[in-house]
């Protein structure tokens, strides 16, 4: 093969990076040949993001060597990385909301041509890769998929030799994912190497031809994803065998317990999405899922349901026959409506306060942790300790600061704090976002267990796989409008994807807007 | 009303508006980079006193104005080190800078109280200012023209130049700008220094053109109006021009009312008009936009680069 004589596009030799208290990367070595699509696999905290930041020059390795096209290189800044021909699309886009697409692209280039020329080149790249995007739109008006396209165009304009994609599909609809893969395959066929970071295994099976697996900062294996199963790769990632969720025992549903009708509310300033006439109902013993791409009104919906947002809200929220609209968040908790928002640090929990104090914040009414304005410190500490125990939270005890816990452990604590109050309805957003596989399956199991006992759950998530695994029924939220509910059994993924992308009224192709043009092609 | 009087009033408006415009444009650039410097009043006082001191001792008011810019930029540099490098709270540090500027300017200015100086007066030859209309065009201090030119300069810089694009990017999302590879702190340092220099120039306008003398607290709170004007202008230079001249008009009305012996209200009430107008304007703008202003997303937030 011709490739044999050629040096690999990228070779890492014994890269190590330490942070106070953690070794993020420990002697990591692997190589990516020219034109290959190589996956970097690992759980959250395995060191993937640190490693790519080192390759892109955002951070510097403490030890080790990077060899690019056969030459040892020192990459001191993203600018130097771009000069070598390394492009990167970030997990959290480095975009500027209040600026136009063109301005954002210009900012990502080192020596951008004058704006007319740049616009012409952008249009050329968009055309040749079949991507649709208006260069003069403001970023805050764009969908997440379109935002990602800005990053991709920005990278493509530099004619990269190596393109790094960090968790690119976590916020895309299934159709957008397919379109992204087309673009990546085409790039690879033109000789550009792609380093693809993800924990979504079936996507890696579909796209990549080789993979390096990281665990705890170390390389623990490599494989050809096309010859592995998703399960075998997952077990390599977590370094143990995967436990199956035990399904729900009783599949009989009770009466409608939580009925939300005609809920409308304004969006969060400055660029929020307003809720438009949202209606759904959840029966007891049922998990109801709300799917959708981030920023389509999920945060607003959660705030309205929990009682956090009261301004200009119209519609009704009925729990066991009791009207909750207009009541405060505290009153709703007392009535049995528990909730956990998406952001763990600073919204669901106060990072600087300890676990006992965080428990008091949401459980004081229902668990009687305070009376007459005085906190019962003994009872509160006991409750926090019980949550820590029952949900196997790794913490030094109830006195540990919430901010000192890892993401997964804090999420377990928050879910435990809500679940152990025995809510009749639990509303939760992104219950397993950024949580390692073990904690995620623990949390899912705990949710299944309480609906088994007759509670109802509303779960908002961007992770469609999670919703399909957990829910009995689901609906899709798009631009503040909720679709009709669908039974998860026998659901059409394609239809869900279309709803996520904003196409209502069944699969007729004629309704496709500019955003979806590429899907049909 | 005679043409002469109208021209005189319009020229007073321009005179009252110019320092607000210059200091406001400086603060606008600072805030666009994501830094909130509430020390404008203090920096203006430092500019006013150093400008006056140098102007009187050398007899060269132009040199005074230049030194005023450097002195105020030096004060801004202290603010920058404290808030950007040492990450002190920007609001508290800005307030401290104003208190510091008030005290230091009184100290430096003590020997200069009661002296007058050469002013930085009209630059065009008398022949050009013979008729009232010509006077309206050519009869101003050079700083009035500098203020107008600066408006267009800042607008061009922010919207058309690459450096301006980077500055806005830093103010919109410091972490994203850092991830792409822009020097966030360096950009903010330069913006803060520019804001300081403009505040100093605006301050020297009071002591070298408008009054021309030195007295403690000469700028009388106009620095705060300049900061409020940035919000009024929605961080847009064109609207800053409009806002500054509108406030120039309010200030002139106050002076005219006093001069005309209009005594229906106490003089203290008239003197407080510009400040009442400031509060009213800010309240109306916040209410009209329901909290969603055009403010840079990272305004006032400290930035620490991940290493």
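Chains as they are written, first to last, in the numbering used here: chain D, 479 to 999; chain L, 85 to 391.
Beta carbons: idealized from backbone N, C-alpha and C, even for Gly.
Annotation for residue 140/L: 196, 199, 201 place their beta carbon closer than 7 Å to its own, counting only its chain and skipping 5 residues before and after. Taken in chain order, the complete alpha helix (DSSP H) segments of 4 or more residues contained in the stretch 223 to 269 of chain L are 226 to 244, 246 to 256, 258 to 264. Spanning the alpha carbons of residue 635/D and residue 599/D requires a straight line of approximately 8 Å.
Your pair residue 522/D and residue 914/D checks out as a contact, with CB atoms roughly 6 Å apart and the cut at 8 Å. In the structure shown, residue 680/D falls within a helical segment according to DSSP collapsed to helix, strand and coil. Using a CB distance cut-off of 8 Å, residue 260/L counts as an interface residue toward chain D.
Residue contact check for residue 575/D against chain L: a CB pair falls below 8 Å. The residue among 780/D, 767/D, 903/D with its C-alpha nearest the C-alpha of residue 964/D is 767/D. Under the DSSP assignment, residue 952/D falls outside any alpha helix (DSSP H), being part of the beta strand (DSSP E) whose first and last residues are 951 to 956. Excluding its 5 nearest sequence neighbours in each direction, residue 333/L has C-beta neighbours in its own chain below 6 Å: 97, listed in chain order.
At least 8 Å separates the CB of residue 918/D from every CB of chain L. Looking at 94/L, 91/L, 109/L, the one whose alpha-carbon comes closest to that of residue 324/L is 109/L. If you keep only unbroken beta strand (DSSP E) runs of at least 3 residues inside the stretch 885 to 937 of chain D, you get 903 to 907. Only residues of its own chain outside the window of five on either side were considered, and among them 573, 574, 617, 628, 632 have a CB closer than 8 Å to the CB of residue 582/D, listed in chain order. For residue 117/L, there is no enclosing alpha helix (DSSP H), since its DSSP letter is neither H nor E. Counting along the chain, the unbroken beta strand (DSSP E) around residue 549/D starts and ends at 549 to 551. Counting along the chain, the unbroken beta strand (DSSP E) around residue 545/D starts and ends at 541 to 546. Comparing alpha-carbon positions, the option among 586/D, 691/D, 680/D lying closest to residue 509/D turns out to be 691/D.
Against chain D, a Cβ distance below 7 Å from residue 257/L picks out 574.
By the CB criterion at 8 Å, residue 698/D and residue 681/D fall outside the cutoff.
The stretch 298 to 331 of chain L contains, as complete alpha helix (DSSP H) runs of 4+ residues, the segments 306 to 316 (chain order).
A distance below 7 Å between beta-carbons, with the five flanking residues on each side excluded, links residue 254/L to the following residues of its chain, in chain order: 117, 118, 261, 266, 268, 271, 272. Taking the C-beta atoms as reference points, residue 131/L is found nearer than 8 Å to residue 153/L.
DSSP, reduced to helix, strand and coil, places residue 730/D outside both helices and strands of the structure shown, so it counts as coil. The three-state secondary structure of residue 831/D, taken from DSSP, is coil. By the Cβ test, the stretch 847 to 865 of chain D is in contact with the stretch 894 to 907 of chain D, since at least three Cβ pairs between them sit closer than 8 Å. Apart from the 5 residues on each side of it in sequence, residue 773/D sits with its Cβ closer than 7 Å to the Cβ of 622, 751 in its chain, given in chain order. Assignment of residue 174/L by DSSP, reduced to helix, strand and coil, places it in the helix class.
Taken in chain order, the complete beta strand (DSSP E) segments of 3 residues or longer contained in the stretch 491 to 545 of chain D are 500 to 510, 515 to 519. Within the DSSP bridge table, the entry for residue 800/D names 797/D as partners. When C-beta distances to chain D are compared with 7 Å, the residues of the stretch 264 to 278 of chain L below that value are 264, 265, in chain order. For residue 183/L, no chain D residue has a C-beta closer than 9 Å to its own C-beta; the minimum C-beta separation is roughly 30 Å.
Straight through space, the alpha carbons of residue 203/L and residue 786/D are spaced by roughly 60 Å.
Contact check for residue 879/D against residue 831/D passes: the beta carbons are separated by less than 8 Å.
If you draw a straight line from the Cα of residue 701/D to the Cα of residue 824/D, it is about 39 Å long. Taking the CA atoms as reference points, residue 815/D sits about 38 Å from residue 368/L.
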